[in-house]
Amino acid sequence: MNEVEYIEYFEALARKNCVLNHNPEDNKKSFFCINNPYETAEFDQALRSSAASTVFLLDAPAGYLSDNGSGNCTQTTKIEFLVLGKSGKENIRTTRTHCFQTGFDILARVGSDAKKKAIIPGRSIYFMNENITYDVVGPININYYGYAFQFNFVCPFSFSSESGAWTDHI
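Heads up: the sequence shown begins at 41 in the numbering used here, then just goes up one per residue.
Put into structure tokens, the structure is as follows:
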């Protein structure tokens with residue numbers, strides 16, 4: 041699974057989710073990919089650019105490759121996303137509860153899509169739902185609160201090189 045496929049899949053989920061209702065063509069942005077989670081200006085820019093009260097922020101993917109002690113190679117991709125809602129001080133818990141439910145709905149859809157091989161059509165991408173973590177976040181940009189969710193995708197792959205990647209032939 042490459043970065044473009046990863047971002048396109050989660051942006052499509054944000055478009056389909058009734059709470060997020062991401063539609064940049066109508067200036068209704070609620071999905072943003074954060075390329076550098078250590079750069080707070082990226083978070084600020086995403087939140088300022090949002091036209092929605094609930095925002096889905098996706099971290100750039102990280103992961104590792106393994107041969108599992110055999111010829112069966114896998115790519116494990118760590119997925120992290122945040123669901124944040126705009127809140128006044130009087131309703132922070134309500135906002136967090138709403139964001140948790142939205143995140144839970146996203147996770148449920150990812151699990152369903154993985155079973156149907158619909159994350160990347162026809163490819164086996166396994167949703168590792170036994171180690172999902174979540175943490176409370178906020179305040180971000182003064183009045184955004186919500187949850188961060190983490191889980192892993194595991195996909196089989198073969199260790200092979202593109203034929204034009206080397207000057208000598210392998």
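Glycine included, C-beta positions come from ideal geometry on N, C-alpha and C.
Just so we're clear, the structure is a prediction, and the values are computed from it rather than from any experiment.
Q | alpha helix (DSSP H) runs wholly inside the stretch 73-140, at least 4 long, in chain order | A | Every alpha helix (DSSP H) of 4 residues or more that sits fully in the stretch 73-140 is shown, in chain order, as 80-89.
Q | Pairwise C-alpha distance: Lys129 and Asp99 | A | Going by the C-alpha atoms only, they are around 27 Å apart.
Q) Whose C-alpha, out of Ser127, Ile160, Phe71, Glu79, is nearest the C-alpha of Gly143? A) Ranking the options by Cα distance to Gly143, first place goes to Phe71.
Q | Best match in Leu53, Tyr187, Ile180 for proximity to Ala148 [C-alpha to C-alpha] | A | With distances taken between Cα atoms, Ala148 lies closest to Leu53.
Q | CB contact flag (Lys118, Phe191, <9 Å) | A | Taking 9 Å as the cut-off, the beta carbon of Lys118 is found closer than this to the beta carbon of Phe191.
Q) Excluding sequence positions up to five away, which residues of its chain have a Cβ less than 6 Å from the Cβ of Tyr46? A) When the five nearest sequence neighbours on each side are left out, the beta carbons in the same chain lying within less than 6 Å of the beta carbon of Tyr46 are those of Pro101, in order along the chain.
Q | Cα-Cα separation, Thr116 to Ala154 | A | Cα to Cα, the separation comes out at about 14 Å.
Q.
At the level of alpha carbons, what is the spacing between Ser127 and Ser106?
A. Rounded to whole angstroms, the gap between the alpha carbons of Ser127 and Ser106 is 42 Å.
Q: Indicate whether Arg136 and Tyr185 have their beta-carbon atoms separated by less than 9 Å.
A: Going by C-beta atoms, Arg136 is nearer than 9 Å to Tyr185.
Q | Nearest neighbour of Met168, chosen from Ala188, Phe193, Asn181, Tyr187 [CA to CA] | A | Of the listed residues, the one whose Cα sits closest to Met168 is Phe193.
Q: Could you please give me the residues that DSSP links to Ile180 through a beta bridge?
A: Residue pairing by DSSP places Ile180 opposite Tyr184 in a beta bridge.
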